[in-house]
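Residue numbers (my numbering), protein chains in the order written: chain A, 1 to 201; chain B, 1001 to 1357.
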């Protein structure tokens, strides 16, 4: 009974091992796809931040901190970002969604004829930079989650391969050995019994 | 000696302190901010830089010093003028006063603290620090408008009227548009009350040219921004100020109808604007094109008033020309400093500076 139970456990562990391996492969494929995406978004972020920094420097240079801050008062707002939970092979991650971060000059709150073009450009470039940051955050969060999940799956595979399955096999072998031992003892006992009966006759 | 002669004598003395081309070349040759700070400390900005004190980052120190110096210049102009000159100075400083009122309005609309708003203001002399502080301390926009009406400020009534239409911060454009129109109305009223000191070339009056060129440049840049961002202006009467000489309603309509910014600039290359817009440099990638266009457009009033000042050194042209030159200098210095801070390409910096015009 115990052997049959261990055998069932062994089969289940092998099934789990197969499942974990295919999960790890799928996650690894996804990780490589995201890695490319992460590199592209990182590069894009660097370019966007540089452009935004230059545009702000130009605006601060031409108009001064006072005028830029004045325009910034008018354009204050809540950033329209929402998060929804997504799942890939059981890996749950938060996906950021946003719309309308980059605004046109006439929807930033102020009366746009009264704000210089350099300040519009700085605002626009920083809105683009914010979108780029959110894109990077979305991709890199997913990247980290999937990376951590691959590490977890690898640990589980190793535990199954190196601890659980060998232990189950050892226990099954021990049961088999003990059964064989018991069988040999039975045969020996039967032979002795048969021998005694023969002597009596 | 009449008021305008006294004012012009003081303006000549102030003009003598403006940086020369050689000073700019020396500053541009300096590779870092500490070098620029020490070079500026040796010149007319030394007192302002020392007044900021140490302990602040160099960039903040220079910018604060330039802000204080410019604010002192505006206040000094108010202080040394009386009679017609005071009216002329008020007319010219009206644009900066408008910006100060707009800043307070914007701050109040979004619930910014008085300290935050005050740090974004440049006292012009028309409103001193105490008056600006009192404006910033008002609890809301209506209280601000009431205060301005009580002080018999010309911005009070237009603001109060516009507040009847205003409902939420997103409608700030209603208030700002009313203030812009009020500036133009005040300028027109002042022009009527000021006795012209003498005709310029072709009988040109510098103050009315200042108002009309301010309107023209504002309208042109509004149209260019609309074209660049593809904004459809349904209410053109609200977005464009009346009183321009170069760009009438039809000219603005033609610029707005241009499909690209380049075509809009071609359409705008007329009269005084032809030369600067024809010589428009193409900035390197990453430098906002419209900022470069704005700098070229800034050359138009600079050239016009320099010409008026040369022809009639004792007219209002001296006042306007000095103020524009001072503003040019402050912008140049701020831009050089900011460019050094973020390693802006030299080609981009060239398009943003007005060293000669």
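Virtual Cβ for every residue (Gly too), placed ideally from N, Cα, C.
Once you ignore the five residues that flank residue i on each side, which residues in its own chain have a CB closer than 7 Å to its CB?
i	result
residue 147 of chain A	31
residue 1097 of chain B	1124, 1126 and 1127
residue 1129 of chain B	1123
residue 1208 of chain B	1191
residue 1276 of chain B	1296, 1297, 1299 and 1300
residue 1219 of chain B	1240, 1241, 1244, 1247 and 1252
Residues in its own chain within less than 8 Å of residue i by CB, not counting five upstream and five downstream?
i	result
residue 1335 of chain B	1349, 1352 and 1353
residue 1122 of chain B	1067, 1070, 1071, 1074, 1096, 1099 and 1100
Answer with yes or no whether the minimum CB distance from residue i to chain A is below 9 Å.
i	result
residue 1222 of chain B	yes
residue 1347 of chain B	no
residue 1216 of chain B	no
residue 1288 of chain B	yes
residue 1246 of chain B	no
residue 1185 of chain B	no
residue 1352 of chain B	yes
residue 1173 of chain B	yes
residue 1282 of chain B	no
residue 1339 of chain B	yes
residue 1103 of chain B	yes
residue 1225 of chain B	yes
For a test of the three-state rule: what should DSSP assign to residue i, helix, strand or coil?
i	result
residue 1020 of chain B	coil
residue 120 of chain A	helix
residue 1173 of chain B	helix
residue 1069 of chain B	helix
residue 1316 of chain B	coil
residue 1283 of chain B	coil
residue 146 of chain A	helix
residue 1239 of chain B	helix
residue 1152 of chain B	coil
residue 1006 of chain B	helix
residue 1201 of chain B	Below a pLDDT of 50, predicted positions are generally treated as unreliable, and residue 1201 of chain B, at 49, falls in that range; the measurement from the model is reported next regardless. Helix.
residue 1322 of chain B	helix
residue 108 of chain A	coil
residue 201 of chain A	coil
residue 1247 of chain B	coil
residue 43 of chain A	helix
residue 1257 of chain B	coil
residue 1234 of chain B	coil
Looking at the unbroken beta strand (DSSP E) that takes in residue i, where does it start and where does it end?
i	result
residue 82 of chain A	81-88
If you follow the alpha helix (DSSP H) that residue i is in, where does it begin and where does it stop?
i	result
residue 94 of chain A	Looking at the DSSP string, residue 94 of chain A is not in any alpha helix (DSSP H); the run it does join, the beta strand (DSSP E), is 91-98.
residue 1162 of chain B	1156-1163
residue 1110 of chain B	Note, residue 1110 of chain B: premise wrong, no alpha helix (DSSP H); not H, not E.
residue 1225 of chain B	1206-1228
residue 1167 of chain B	Here residue 1167 of chain B belongs to no alpha helix (DSSP H), and DSSP marks it neither H nor E.
residue 1052 of chain B	1046-1052
residue 965 of chain B	Missing from the structure shown is residue 965 of chain B; chain B here goes from 1001 to 1357 and no further.
residue 1138 of chain B	Unbroken run through residue 1138 of chain B: none, as it is neither H nor E.
residue 77 of chain A	From DSSP, residue 77 of chain A is part of no alpha helix (DSSP H); its letter is neither H nor E.
residue 1194 of chain B	Residue 1194 of chain B -> no alpha helix (DSSP H), and no H or E assigned at all.
residue 1295 of chain B	1289-1311
residue 1343 of chain B	No alpha helix (DSSP H) contains residue 1343 of chain B, which DSSP labels as neither H nor E.
For residue i, decide whether its Cβ has a neighbour in chain B, counting only Cβ atoms nearer than 9 Å.
i	result
residue 45 of chain A	no
residue 117 of chain A	yes
residue 113 of chain A	yes
residue 120 of chain A	yes
residue 105 of chain A	yes
residue 74 of chain A	yes
residue 71 of chain A	yes
residue 127 of chain A	no
residue 109 of chain A	yes
residue 203 of chain A	Because residue 203 of chain A is not part of the residues shown, which for chain A are 1 to 201, the question remains open.
residue 84 of chain A	no
residue 155 of chain A	no
residue 41 of chain A	no
residue 100 of chain A	no
Once the 5 residues before and after residue i are set aside, which same chain residues still bring their CB inside 6 Å of it?
i	result
residue 125 of chain A	51, 52 and 55
residue 1346 of chain B	none
Segment contact flag, the segment 1055-1064 of chain B with the segment 1284-1291 of chain B, C-beta cutoff 8 Å, min 3 pairs: no
Mind the definition here: the segment 103-113 of chain A touches the segment 73-83 of chain A only if three or more C-beta pairs lie below 8 Å; say whether that holds. yes
Does the contact criterion of 3 or more C-beta pairs under 8 Å hold for the segment 1159-1169 of chain B versus the segment 1133-1145 of chain B? yes
With three or more C-beta pairs closer than 8 Å as the rule, is the segment 1258-1271 of chain B touching the segment 1223-1232 of chain B? yes
How do the segment 1324-1332 of chain B and the segment 35-43 of chain A stand: do at least 3 beta-carbon pairs fall below 8 Å, yes or no? no
Are the segment 1206-1218 of chain B and the segment 1297-1305 of chain B touching, with three or more C-beta to C-beta distances below 8 Å? yes
Does the structure place the segment 1006-1019 of chain B close enough to the segment 1073-1093 of chain B that three or more beta carbon pairs sit under 8 Å? yes
Contact the segment 156-172 of chain A vs the segment 79-91 of chain A: 3+ CB pairs below 8 Å: no
Check whether the segment 156-167 of chain A and the segment 9-20 of chain A are in contact - that is, three or more C-beta pairs closer than 8 Å. yes
Taking 8 Å as the cut-off, does the segment 1102-1114 of chain B touch the segment 1172-1189 of chain B (at least 3 CB pairs, one atom from each stretch)? yes
Taking contact to mean 3 or more Cβ pairs, one atom from each stretch, closer than 8 Å, check whether the segment 1242-1257 of chain B and the segment 125-139 of chain A are in contact. no
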